[in-house]
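**Student:** Count the sequence shown with my numbering and you get residues 8 to 370, in order. Glycine included, each C-beta is placed from N, C-alpha and C at the ideal position. Here you go, one structure.
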Amino acid sequence: MLVSSVVGARPNFMKIAPVVRELLQRGVPHLFVHTGQHYDESMSRVFFQELEMPRPDVDLNVGSQTHARQTAQILVGIEEVFQQRRPDLVVVGGDVNSTAAVALVAAKLGIPVAHVEAGLRSFDRSMPEEINRVVTDHLSDLLFTTEESANANLEREGLGQRGVHLVGNCMVDTLRRHVDAAIAREPWRDFGLDPGEYAILTLHRPSNVDDMKALGALLGTIAVASRRIPVLFPVHPRTRRRLEELGRPIAGDLRLTDPLPYLRFLGLLARARLVLTDSGGIQEETTALGVPCLTLRANTERPVTVSHGTNRIVGTERSRVLGAVERVLLGDWPPGVSPPLWDGRAGRRLVDVIEAFLERRAA
Ligand code: UD1
């Protein structure tokens, strides 16, 4: 028996870490592969150390390319690995290019695929992640979901008869495991900030950062908000490039920094007064932490963060963003409750299902 877990980009690491830990603890033979989609120290390596993950057995080193080139290189590289090692199950997570590419190769080789964080849908095909989600789910044999809406989406797409399992949220497993240590480091001090008295901003979606006019307008809005509360802005490499192209100084109390390692970022999130983001994962992390989250997008694929959690979809229009910031500062924001099964034990439930699946196939 051999299970292969594959990661590629930053958000994958937190989702796969609890699965890898659980597999290794149970003595399941494991092949750990990194596609190399993210490769910077700050986007990749540091996460392996902090999340106590083993070094990958294989690194495909694909790096940054156009979508087609990146996907193509992963297809070619992973096919060779799987042909040589013939895993009995491949585990992929989330919705990045690596996820869909690896699922495609495994499915064509007849290797069952387990998708961690299946079934999420923004219903917005202009997002590359939405295409990756749909493709991956339709190629998967085990679909592990984080919220009820995902089960409903899979049912609607005719996938309800596959192995759909609502197991909870693996990223929240990782958060719960590390949050106390992350807070104890008091990372806000490095930026001259006080707990509860700063906002965090993250931006990397193509729809927000690739269009210079949209990016300039959004940063203008955030600059106004930062007159009310300082805004710490860890800048994704993609966004950094765009800011250089934009070439004008950013007004207000906006404090730019490089992408942060997991523990520093988690500690900062946990004590932020509010978070402004276009990330998917951060919507979930703020819900788990009970921190107000203003999502700078038109939609979310994670509706439970709105129905149960502290997330609100505010878009990017200036008056809506500033109005929402003001509401948070006035204390007019729902505290939220933890969604069902976001209890730190999703990885365990998930690997129970994997073990049963492998036993059935071996029988
Ligand atoms: C990818 C995922 C996105 C996820 C995000 C988290 C896809 C389609 N997108 O977007 O879903 O939310 O990761 O970060 O898979 N770069 C570096 N160093 C790195 C990685 C990237 O400098 O280690 C720069 C490169 O200039 C690259 C750009 O960032 O061209 C974009 O990287 P890429 O992996 O293509 O997409 P992300 O925007 O990171």
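1) When every heavy atom of the ligand UD1 is checked, does at least one fall within less than 7 Å of the C-beta of M16?
2) Report back the beta-carbon spacing between D144 and A113 to the nearest angstrom; my notes put them in contact at under 8 Å.
3) Verify the contact flag: D265, CB atom, against every heavy atom of the ligand UD1, threshold strictly below 7 Å.
4) Any chance the CB of M178 is under 7 Å from a heavy atom of the ligand UD1?
5) Where does I229 sit, in a helix, a strand or coil, going by DSSP?
6) Considering only heavy atoms of the ligand UD1, does any lie closer than 7 Å to the CB of V103?
7) Can you tell which of L261, G203, D197, K220 has the C-alpha that lies nearest to the C-alpha of L267?
8) Per DSSP, T302 is paired with what?
9) For the ligand UD1, any of its heavy atoms closer than 7 Å to the Cβ of H41?
10) Does the Cβ of N158 have 16 or more other Cβ atoms within 10 Å, making it buried, or fewer, making it exposed?
11) Which residues does DSSP list as the beta-bridge partners of F240?
12) Is S314 helix, strand or coil by DSSP?
13) Would you list the residues sitting across from T209 in a DSSP beta bridge?
14) So, using beta-carbon positions, are S49 and D285 closer together than 8 Å?
15) Excluding the 5 residues preceding and the 5 following G274 in the sequence, name in chain order all residues of the same chain whose CB lies nearer than 6 Å to its CB.
16) I think G203 touches R278, with their Cβ atoms under 8 Å apart; what is that distance to the nearest whole Å?
17) From the DSSP secondary-structure annotation, give me the bridge partner or partners of H41.
18) Please tell me whether L127 and Y269 are closer than 8 Å, where the distance is taken between their beta carbons.
19) Quick check on DSSP: helix, strand or coil for L149?
20) As an exercise, report each continuous alpha helix (DSSP H) stretch of at least 4 residues that is fully enclosed by the stretch 162-194, in chain order.
21) Which residue's Cα is closest to the Cα of T209: P25, R327, L38, Q290?
22) If you pair each beta-carbon of the stretch 210-220 with each one of the stretch 59-68, do three or more pairs fall below 8 Å?
23) Do you know how far the Cα of L276 is from the Cα of T312?
24) Sort E252, R33, H37, V69 by Cα distance to A16 and report the nearest one.
25) With a cut-off of 8 Å on the beta carbons, I'd call R247 and L222 a contact; round off their distance for me.
26) Check whether the Cβ atoms of S129 and E137 lie closer than 8 Å to each other.
27) Checking contacts by CB at 8 Å: is F54 closer than that to chain C?
28) Please state whether the Cβ-Cβ distance between L31 and V10 is less than 8 Å.
**Tutor:** Taking the definition as stated:
1) Here residue 16 refers to the residue found at position 9 when the sequence shown is read from its first residue. It is Ala, not Met, that sits at residue 16 in the sequence shown. The ligand UD1 approaches A16 closely enough that one of its heavy atoms is under 7 Å from the residue's Cβ.
2) Translated into the one-based positions of the sequence shown, residue 144 becomes position 137. Translated into the one-based positions of the sequence shown, residue 113 becomes position 106. About 14 Å; that fails the 8 Å criterion.
3) Mapped onto the sequence shown, residue 265 falls at position 258. No - the ligand UD1 has no heavy atom lying nearer than 7 Å to the Cβ of D265.
4) Position 171 of the sequence shown, counted from the first residue, corresponds to residue 178. Result no, Cβ not under 7 Å from the ligand UD1.
5) Here the question's residue 229 lines up with position 222 in the sequence shown. I229: helix per DSSP, three-state reduction.
6) Taking the sequence shown and counting its residues from 1, one reaches residue 103 at position 96. Relative to the ligand UD1, the beta carbon of V103 is positioned inside 7 Å of a heavy atom.
7) Indexing the sequence shown from 1 puts residue 267 at position 260. Minimum Cα distance to L267 is reached at D197.
8) Here the question's residue 302 lines up with position 295 in the sequence shown. Per DSSP, T284, I320.
9) Looking up residue 41 in the sequence shown gives position 34. Result no, Cβ not under 7 Å from the ligand UD1.
10) Stepping through the sequence shown from its first residue, residue 158 is reached at position 151. N158 is classed as buried because its beta carbon has at least 16 other beta carbons within 10 Å across all chains shown.
11) Indexing the sequence shown from 1 puts residue 240 at position 233. Answer is L263, bridged to F240.
12) By 1-based counting over the sequence shown, the position of residue 314 is 307. Reduced to three states, the DSSP call for S314 is helix.
13) By one-based count along the sequence shown, residue 209 stands at place 202. BP columns for T209 point to T284.
14) In the sequence shown, counting from the first residue as 1, residue 49 sits at position 42. In the sequence shown, counting from the first residue as 1, residue 285 sits at position 278. With contacts defined as CB atoms closer than 8 Å, S49 and D285 fail to qualify as a contacting pair.
15) Looking up residue 274 in the sequence shown gives position 267. Excluding positions up to five away in sequence, the list reads A189, I190, R192, P194.
16) Position 196 of the sequence shown, counting from 1, holds the residue named residue 203. Position 271 of the sequence shown, counting from 1, holds the residue named residue 278. Going by Cβ atoms, the distance from G203 to R278 rounds to 6 Å, so yes, they are a contact pair.
17) As a position in the sequence shown, residue 41 is number 34, starting the count at 1. DSSP, once it has assigned bridges, lists V14, D66 as partnering H41.
18) Stepping through the sequence shown from its first residue, residue 127 is reached at position 120. Stepping through the sequence shown from its first residue, residue 269 is reached at position 262. No, the Cβ-Cβ distance between L127 and Y269 is not below 8 Å.
19) By one-based count along the sequence shown, residue 149 stands at place 142. Here L149 sits in strand by DSSP.
20) Counting whole runs of 4 or more residues, the stretch 162-194 contains the alpha helix (DSSP H) stretches 177-191.
21) Residue numbering aside, residue 209 sits at position 202 when the sequence shown is read from its first letter. For T209, the nearest C-alpha among the options comes from Q290.
22) Too few Cβ pairs lie closer than 8 Å, so no.
23) Within the sequence shown, the letter at position 305 stands for residue 312. Within the sequence shown, the letter at position 269 stands for residue 276. Between T312 and L276, the alpha-carbon positions lie close to 16 Å from each other.
24) The residue given as residue 16 occupies position 9 in the sequence shown. Taking A16 as reference, the option from E252, R33, H37, V69 with the minimal CA-CA separation is V69.
25) Residue numbering aside, residue 247 sits at position 240 when the sequence shown is read from its first letter. Residue numbering aside, residue 222 sits at position 215 when the sequence shown is read from its first letter. With 8 Å as the limit, R247 and L222 do not qualify as a contact, their Cβ atoms being about 12 Å apart.
26) Looking up residue 129 in the sequence shown gives position 122. Looking up residue 137 in the sequence shown gives position 130. Yes, these two residues count as a Cβ contact at 8 Å.
27) In the structure shown, chain C does not exist; there is a single protein chain.
28) As a working mapping, residue 31 is identified with position 24 in the sequence shown. As a working mapping, residue 10 is identified with position 3 in the sequence shown. No, the Cβ-Cβ distance between L31 and V10 is not below 8 Å.
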